[in-house]
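Numbered by mature numbering (1 follows the signal peptide of the UniProt record, and there is no 0), the letters in the sequence shown go through residues -17 to -1, 1 to 697 in order. Okay, so here's the structure we're looking at.
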Amino acid sequence: MWSIAVLVLLAAARALAAPSPSTLSSSSFPLPLSLSSTHAGPSLPQATLPPQSLSTFVTLTSSPASSSSESSSPPLPPSVLTTLGISALTELGPSVIPVTPYPFAPFPSPSSEPPIPGVYPASSPRHPPPVESPALVPDFAPAWTRAYEKAKAKVETWSLEEKVSITTGVGLASSRCIGNIAPIGDFSGLCLEDSPLGVRLVDFATVFPAAINAASTWKRSLLRARGVAMGKEHVGKGVNVALGPMMNIVRVVQGGRNWEGFGADPFLAGVGAYETVLGMQSAGVQACAKHYINNEQENQRMMESSNVDDRTQHEIYVAPFLRSVMAGLASVMCSYNLVNGTYACENNHTLNGILKNDLGFQGFVMSDWTAQHSTMSAMTGLDMSMPGDISFYSNTSYFGANLTAYVENGTIPEARVDDMATRILASWYFLGQDSPNYPKTNFNAIYPLDEATNEHVDVQDDHGELVREVHRSSIVLLKNVNDALPLKKPRKLVLIGSDAAPAHIAGPNEFSDQGGVDGVLAIGWGSGSGWFTYKISPYEAFQARARIDHTSFSWFFDDFNLVGAATAAIQRDVAIVFIQSDSGEGYITVDGNVGDRNNLTAWLNGDALVQAVASQNNNTIVVVNSVGPLILEPWIDHPNVTAVVWAGLGGTETGNALVDVIYGAANPSGRLPYTIAKSPNDYPAQLALGGNGEEILNITYSEGCVLYVSFYLL
């Protein structure tokens, strides 16, 4: 444990030791007419601005220790602080980038320090150190060097328009993937596709357990294996860039997308990110770390400013991104929100200052879909515009012709466009995707019913067995009294609650992007979801086991008929009650929950259902399928509730994995990746409500110096 921590610090030190890039100077320059209204903003007087201060951001007050050089970027000179000032952060709108010409020099690429055998062994992304050797931190510098040499040689042969083309998506729904870069000569283009738990919007693929469940295993081997399997499925479908893993920290327990990440502990999230990136890229796909950074809630995610002091940023929220970079990460997705008053996708401090300079990131930065806000974002660290449109289907772009114009009139140096194109191409070479054997895209995520462009390639292999293993290893036993578990061939068993059932209307993909509730909850909703090729419900799995044991098996799935549920539990040796709580991305609203959860109580009358059943059965077992913590106080201490099984989001083999644990074939060895509190008020950070979509919602991250305990990973 100690040696691993030391290696992490050494790796960070190696990245921090890289020389700083050239400074950027500000001077007046006319704004291209085509975007004058879009880019209007305050002009700055003549000044010399270091890279970390190009965009307007606020330096927040923190503890005295926050000025420590161990965790801080170089301070801004007083003149720049005077120019930019705290007043930049107001309710009136985000800060903007001055549209003036800047010189550019690329960041050092890659490290010139030689590998250290036995500590930092030279590695390629296709052959990382084995998971059994966590003390070995791979040195990808030689592999990056080779990739950069190839990329630079190719970029030198391209015209300005071709170099701009590789930075600009073709627009939403203009090709077969959720994001696309057009081919250029013998460069085959890029297919970018969700999601963090499998290939989204395709058939014959696996829906893996959510990352929050993978983290609950606390097992490096399973985190790596899950990453390998997901990477293989993306490659098999012809995806170049898999849009995951997601690694935002569970700061607000109601946060809609918490389940896509690895939990509340930055060490655990870092290990989850590290092993997942290593696994995915060993299969040949480019991984994408997201959402960079401070995107911890859905409410007003496009119009909220996460205001974070430097120490908190580095010690908690940057941590999993650092570990991803150490894993040879190919790409990063910047987020929708603002950070200290500046949009994350044009935030010079977080993109250039922290990511590319402090962490030594060698790959490219893409925007979240329509999260770009200016052409000048190229100067503050953005390398690729996704999906290319300013807004969906607008047929306009901040990059494309506008980026070309900015270069031609001297606002943006062509050297910066060379750097952008080189970073994107280098990541392609880094993963060996220039091979003629790399699979071509064989699906159509936009028009999945188009038989001409959907080849229905089956990439599932035997991954169902891995899904089952990861899920059962992630299940947490919260309570077990009177030897309630494991079950030992009960004579009479009843399952109660709709969360035990298969979808009763239209199968496992009834709702678009899983934005609805019908039957067992196996994943949340949004772009981080996937289509189930199949989904094993508890009803199916427990009935199959009941046949083996000759158990009398019954069920009751009406959550709101409490009398009926209580009656169904009478004279049963065991009554298992299934409850759930769902959440997801904010573009979908489910039962009034706009992404984030409105509260921390069980959905579908769950608390009352448990109490009704426990009133009639003295061996009531509760199974919880939830995206995150629930308040269990209404029934956790009920004397007839003999066991509580925290199942989370298990993916396609949910029912089978539960049977494995509840009948004792597997030990419930999972551990919580977050805290289950007694009251919502026990959590130090609450969901920030309000905001009208027109003014900036300010969210202060007041964590300061946080002490957290990390457990040794098996």
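Ideal Cβ positions, reconstructed from N, Cα and C, are used throughout, including at glycine. What you are looking at is a predicted structure, and each value in this text was computed from that prediction instead of being measured.
F515 is not bridged by DSSP to any residue. Going by DSSP, W508 is part of no alpha helix (DSSP H) at all; its letter is neither H nor E. K273 and V254 have their C-alpha atoms roughly 15 Å apart. Under DSSP, F536 shares a beta bridge with L476. Annotation: R183 to G634 spans about 13 Å, alpha carbon to alpha carbon. Inclusion of I682 and A671 in the CB contact set at 7 Å is warranted, their separation being smaller than that value. When secondary structure is reduced to three states using DSSP, I531 falls in the helix class. Linking F413 to E145 through their CA atoms gives a straight-line distance of about 21 Å. In the structure shown, F525 adopts helical secondary structure according to DSSP, grouped into three states. Going by DSSP, L173 is part of the beta strand (DSSP E) stretching over L173 to E176. Excluding residues up to 5 positions away in sequence, D482, L504, Q563 and A630 lie with their Cβ nearer than 6 Å to the Cβ of N608 in the same chain.
Taking the Cα positions, T333 is about 49 Å away from V624. Nearest C-alpha to G214 among E258, G547 and P469: E258. As DSSP reads the structure, K462 sits in a beta bridge with V627. Every unbroken stretch of the beta strand (DSSP E) spanning 3 or more residues and falling wholly within the segment 344 to 368 is given here in chain order: 347 to 350. With distances taken between CA atoms, M285 lies nearest to Y319 out of E329, G447, Y319 and H621.
Membership of Y570 in any beta strand (DSSP E) is not indicated, and neither H nor E is assigned to it by DSSP. Listed as beta-bridge partners of C317 by DSSP are Y275 and S350.
Within the model, the alpha-carbon separation for V235 versus H621 is close to 28 Å.
Secondary structure of T333 (DSSP, three-state): helix. Taking C-alpha positions only, R528 is separated from F543 by approximately 27 Å. Pairing H446 with N340, the inter-Cα distance amounts to about 38 Å. Under the three-state reduction of DSSP, G219 is assigned to helix. The beta carbon of S374 lies closer than 8 Å to those of T353 in the same chain, with the five residues before and after it left out.
Of the residues N378, S360 and A398, the one whose Cα lies closest to the Cα of F87 is A398.
According to DSSP, A558 shares a beta bridge with V477 and T603. Between the segment 469 to 486 and the segment 588 to 605, the count of C-beta pairs closer than 8 Å reaches three or more; the two stretches touch. Under DSSP, V322 forms a beta bridge with S289 and T325. Taken atom to atom, the span from the alpha-carbon of D444 to that of P121 is near 29 Å. DSSP, read as helix, strand or coil, puts I645 in helix. Checking the DSSP bridge columns, you'll see N378 has no partner listed. Per DSSP, reduced to three states, the secondary structure at Q264 is helical. D441 carries a coil assignment under DSSP once its states are collapsed to helix, strand and coil. Following the DSSP letters along the chain, one finds G162 inside the beta strand (DSSP E) bounded by residues G162 to I164. In the DSSP assignment, N196 falls within the alpha helix (DSSP H) that extends over A194 to S199.
Separation of K423 and V102 (C-alpha to C-alpha, rounded to the nearest whole angstrom) is 37 Å.
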